[in-house]
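Worksheet: the structure to be examined is printed underneath.
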Amino acid sequence: MKEFSEKHIKDLQEADGFVLQNVYGNTVAIYLDSEYPDVTSFLADYIARYGIKDLSRRLGYRNPTEMLKELLEKADNCLFIMTDIETKLMNAFDGISADGYAKKLEEGKWHLGDIVEDGKGHKAMIIQDNYCLYELMNIKNEGAFKVFSYFDVSDTLNKLQDDNPEWHKVVED
48 MKEFSEKHIK DLQEADGFVL QNVYGNTVAI YLDSEYPDVT SFLADYIARY GIKDLSRRLG
108 YRNPTEMLKE LLEKADNCLF IMTDIETKLM NAFDGISADG YAKKLEEGKW HLGDIVEDGK
168 GHKAMIIQDN YCLYELMNIK NEGAFKVFSY FDVSDTLNKL QDDNPEWHKV VED
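Numbering (my numbering), first residue to last: 48 to 220.
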């Protein structure tokens, strides 16, 4: 499968595409020229890799014959609309619109002042020091900052986030 590169999200949004978030662990973009320019190219690749039997089951059919029969009947009667198969793909593979995926990516990005935590219960605030370095400043259990106690320091915010994959934003209700 062609893995979706998040750097192409703007192109996917312009193409009014969508993302399948769980195709055997891969994230795949549909309607992105560099990956899958249309649904047919995705289906061809999927069938070549995993077989038509697997596809039919994932789309909710008992077997490939039932799937093809329905699709061909709809096509013969001019009732088949590409959104039919798109909807089935979205449901089968945790699909999301390009705009929805872009929003999800933005929500996951770190910003100054965000509180993050790791799996060990440590919390930190993302700050920028006097030298313009980004830091994960330690927060004590009481919510107070532990002065001059940092988990990590980096020259860019993106690098700080990339270098600390075990840390995630704390979502407050």
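The C-beta atom is built at its ideal place from N, Cα and C for all residues, glycine as well.
| query | If we count the other Cβ atoms within 10 Å of its Cβ and call it buried at 16 or more, is residue 220 buried or exposed? | reply | Because residue 220 sits at a pLDDT of 47, beneath the cut-off of 50, its placement in the model cannot be relied upon, and the point is left open.
| message | So if DSSP puts residue 162 in a beta bridge, which residue, or which two residues, is it bridged to? | response | Residue 162 has 172 as its beta-bridge partners, per DSSP.
| message | Mapping the DSSP letters down to three states, classify residue 86 as helix, strand or coil. | response | When secondary structure is reduced to three states using DSSP, residue 86 falls in the helix class.
| Using the C-alpha atoms, what's the distance from residue 76 back to residue 85? | Going from the Cα of residue 85 to the Cα of residue 76 covers about 9 angstroms.
| task | For the beta strand (DSSP E) containing residue 59, list its first residue and its last residue. | result | For residue 59, there is no enclosing beta strand (DSSP E); the residue is found in the alpha helix (DSSP H) stretching over 56-61.
| query | Helix, strand or coil for residue 220 per DSSP? | reply | Residue placement at residue 220 is flagged as unreliable, the pLDDT there being 47, under the threshold of 50; the coordinate-derived value follows with that caveat. The three-state secondary structure of residue 220, taken from DSSP, is coil.
| task | Select from 166, 64, 203 the residue whose C-alpha is nearest the C-alpha of residue 176. | result | Residue 203 is the option with its Cα nearest to residue 176.
| query | Per DSSP, what kind of secondary structure is residue 210 in: helix, strand or coil? | reply | Correct three-state label for residue 210: coil.
| request: Out of 145, 163, 103, point me to the one whose CA is closest to residue 54's CA. | output: Selected option, being the one with the closest Cα: 145.
| said: I'd like to confirm something about residue 200: is its beta-carbon nearer than 7 angstroms to some heavy atom of the ligand ATP, or not? | reply: With respect to the ligand ATP, the structure shown offers nothing to examine, as it has no ligands at all.
| task | Please report the Cβ distance between residue 87 and residue 51, rounded to the nearest whole angstrom; I am assuming they are in contact, meaning their Cβ atoms lie under 8 angstroms. | result | Here residue 87 is actually not in contact with residue 51; their C-beta atoms are around 18 angstroms apart, not less than 8 angstroms.
| Is residue 103 helix, strand or coil by DSSP? | Residue 103: helix per DSSP, three-state reduction.
| request: Determine the closest residue to residue 29 out of 216, 67, 96, 59, with distance taken between C-alpha atoms. | output: Outside the displayed range of the chain (48 to 220) lies residue 29, so it cannot be described from this structure.
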